[in-house]
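Structure first, then comments.
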Amino acid sequence: MNLSFNSKLKSGKFVITAEVCPPKGTDISRMLKDADLLKDTVDAVNITDNQRAIMRMSPLAACSVLEKEGIETIMHVTCRDRNRLGLQSDLLGAHMLGIRNVLVMSGDHPAMGDHAGAKPVYDVDSVQLIGMIGKLNQGFDLAGNKLEMKTDFCVGAVTNPELNEPASIKLRKKIKMGAGFFQTQAVFHTGIFSGFMEKINEIQPQVKVLAGIMPLKSEKNAVYLNKIPGIRVPKDVIERLKRAKNAEEEGIRIAAEMIEELRHMCDGIHIMPLKNNNNTRKLLEMTGLI
Amino acid sequence: MITSTQKDFDDILRMLAENNIFIIGCGRCAKKQRTGGEPEVLDIEKKLASSGKNVTGWMILKSACNVVSWDDVLSQNPGIGKADAILVMSCGGGVSVISRFANMQVYPGLDTQSIGGICCNEVVTGQCNMCGNCTIWQYGGICPSARCAKGLLNGPCGGAREGKCEVDERDCAWDAIFERLRSIDKLEYLEKIHEPKEYLRKYR
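So the protein sequences, as listed, match chains A and B. Just add 6 to wherever you are in the first sequence, counting from 1, and you've got the numbering used here. Just add 356 to wherever you are in the second sequence, counting from 1, and you've got the numbering used here.
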């Protein structure tokens, strides 16, 4: 019998997750194809929630489809679009549809996306949302009303590997509220990541950490990523991509080397492919993880 | 103080369907911010006139949101009786108070932004979110509900880059909260996990 993502995490298995984004529209064929590349390769597939505040199909619907296909999902839940009623109501629905893993985050501000004038909600923040899911897991809603059957969510959160003091305090709050695992922003510096792991181990060594891995596509791509908060692609990596005959292949090699350096420091990796997962299998084969 | 910005004149013109316009400015917040005091009202009067509108008069109320007697306003300003519409250069509070009295179309000349203040002649915006449940003391007097673009109560979102918010040029409110609490030796407030805010007392 296949173990669930949560059981694997708890058993100490090195877990692998990768990201798939729902379609902009109602055609799910590309999403199914992309997720299919990951089937039997990763332990769970993350489904993003209107990432970069660009409106797409609901991750709840997308996760439900993939779960039916036998692919275990991690549903992203942002605080941007729904208030406490909407979030809890969707979480109950998700649970009923077989979704068991959720990843909580604030969510990019609407001003960053394709509906820039949308009213930002953020009725609860990520710390409060983790606590709220903890209550659902105990059989109560946020207001303290008893639920007809409790949920059983495995709750994760996100973090940058490089944290200033206010951000470190928030990380501690997320752990205190019950985040069982973290998926980090893309890591390109082993030193920064090992500092982060030291911080985690000081707070709560039982918390599981999946290091974010992003195969770079080109020099241009790396320079662009450096503008994204929490990502820091070092100069020598950019130089390698510049010199490479095939930058995409070089990007996969860089990612594989990163996995090699990080795998003994953490509990798993989270692969964030750019656009599609064609390269994910290649990367994992290169590292011998599959 | 209520902070406001002037609407683009072209937008004002598109809004005004009537020809005979009376202008009311505000001697409080709008005057201090130079969005609706005498110089701004005179400027709009000139622009309206050169755009073919007939300005029947103008006045500056001591405070547009505090009108004791509309009869007094009318008797001192006969131009209102000759107008088909009033353009109010104040915050939404003033526009709505005047709309209660005036028996004609009333237009806003400003866009109301936020609750703010003036520090050493500098207008500071977005200081209060009017949540009806003030907890600003736990954040060193810097309200995250108003000053963090996401209104997060338990710490930064991780979207700031070099201390700047992901949304615009503003500084990350959480860096400021951290520094302030550190300077008054109250960093323990930052460790507190804040429950979701109760919005029952917020007017809307």
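Note that CB positions come from ideal geometry on N, CA and C, so glycine has one too. In this text the structure is predicted, and so the values were computed from the model without any measurement.
If you ignore the 5 residues before and after LEU72 of chain A, its C-beta comes within less than 6 Å of the C-beta of ALA41 and THR79, all in its own chain and listed in chain order. Chain order gives the chain B residues near SER112 of chain A as LYS506, LEU508 and CYS513, where near means a beta carbon separation below 7 Å. In this structure, the CA atom of ASP158 of chain A is about 36 Å from the CA atom of LEU222 of chain A. Nearest to LYS214 of chain A by alpha-carbon distance, out of A:PHE199, A:PHE194 and A:GLN189, is A:GLN189.
Of all residues in the region 84–98 of chain A, those with a C-beta nearer than 7 Å to a C-beta of chain B are ARG90, reading in chain order. The three-state secondary structure of ASN410 of chain B, taken from DSSP, is strand. Going by beta carbons, PHE11 of chain A and GLY274 of chain A fall outside the 7 Å limit. Around the Cβ of THR361 of chain B, a 10 Å sphere holds fewer than 16 other Cβ atoms; the residue is exposed. Boundaries of the beta strand (DSSP E) harbouring LEU443 of chain B: 441–445, taken from the DSSP string. Apart from the 5 residues on each side of it in sequence, ASP120 of chain A sits with its Cβ closer than 8 Å to the Cβ of ALA59, ILE60 and MET61 in its chain, given in chain order.
For the options A:ASN227, A:ASN252 and A:GLU266, the alpha carbon positioned closest to that of PRO240 of chain A is the one of A:ASN227. One finds LYS506, GLY507 and LEU508 in chain B with Cβ atoms closer than 8 Å to the Cβ of TYR128 of chain A, taken in chain order. Nearest in C-alpha terms to LYS281 of chain A, of all of A:LEU15, A:THR54 and A:GLN210, is A:THR54.
Within the model, the alpha-carbon separation for GLY257 of chain A versus GLY145 of chain A is close to 46 Å.
Here VAL424 of chain B is exposed: its Cβ has fewer than 16 other Cβ atoms, across all protein chains shown, within 10 Å. A contact is defined here as three or more CB-CB pairs under 8 Å, and the region 149–157 of chain A fails this definition with respect to the region 474–485 of chain B.
In the same chain as GLY140 of chain A, and ignoring 5 residues on each side of it, the C-beta atoms closer than 6 Å to its own belong to GLY184, in chain order. Annotation for ILE416 of chain B: ILE380, GLY381, CYS382, GLY383, LYS387, GLY393, GLU394 and VAL397 place their beta carbon closer than 8 Å to its own, counting only its chain and skipping 5 residues before and after. For GLU171 of chain A, the nearest CB of chain B lies under 7 Å from its own CB, placing it at the interface with that chain. Annotation: PHE534 of chain B is outside any beta strand (DSSP E); the continuous alpha helix (DSSP H) that includes it extends over 529–539.
DSSP places CYS484 of chain B within a strand segment (E or B) once states are collapsed to three.
Identification of chain A residues near ARG557 of chain B by a Cβ-Cβ cut-off of 7 Å yields none; the smallest Cβ-Cβ distance measures about 15 Å. Shown here for SER501 of chain B: same chain residues with a beta carbon closer than 6 Å to its own, the five before and five after excluded, namely ASN485, CYS487 and GLY507 in chain order. Under DSSP, HIS82 of chain A forms a beta bridge with A:LEU109. For LEU91 of chain A, the enclosing alpha helix (DSSP H) begins and ends at 90–102. Membership of PHE188 of chain A in any alpha helix (DSSP H) is not indicated; the residue belongs instead to the beta strand (DSSP E) covering 187–192.
Per DSSP, LEU543 of chain B lies in no beta strand (DSSP E) and is assigned neither H nor E. Excluding the 5 residues flanking it on each side, GLU25 of chain A has same chain C-beta neighbours closer than 6 Å at ASN52 and MET278, in chain order. Secondary structure note for LEU135 of chain A: its alpha helix (DSSP H) is the uninterrupted segment 132–144. Under the three-state reduction of DSSP output, CYS476 of chain B falls in the coil class, being neither helix nor strand. Chain-order list of chain B residues neighbouring HIS115 of chain A: ALA505, LYS506, GLY515, GLU522 and VAL523, by C-beta distance under 8 Å. Interface with chain A (7 Å Cβ-Cβ cutoff): PHE534 of chain B is included. Judged by beta-carbon spacing, LEU290 of chain A lies within the 7 Å limit of ILE296 of chain A, meaning their Cβ atoms are closer than that value. Note: LYS152 of chain A is bridge-paired with A:PHE146 in the DSSP secondary-structure output.
Shown here, THR23 of chain A sits in a strand according to DSSP, grouped into three states. Taking each of B:ASP367, B:TYR545, B:CYS421 and B:GLU374 in turn and checking the Cα distance to ILE442 of chain B, the smallest one comes out for B:GLU374.
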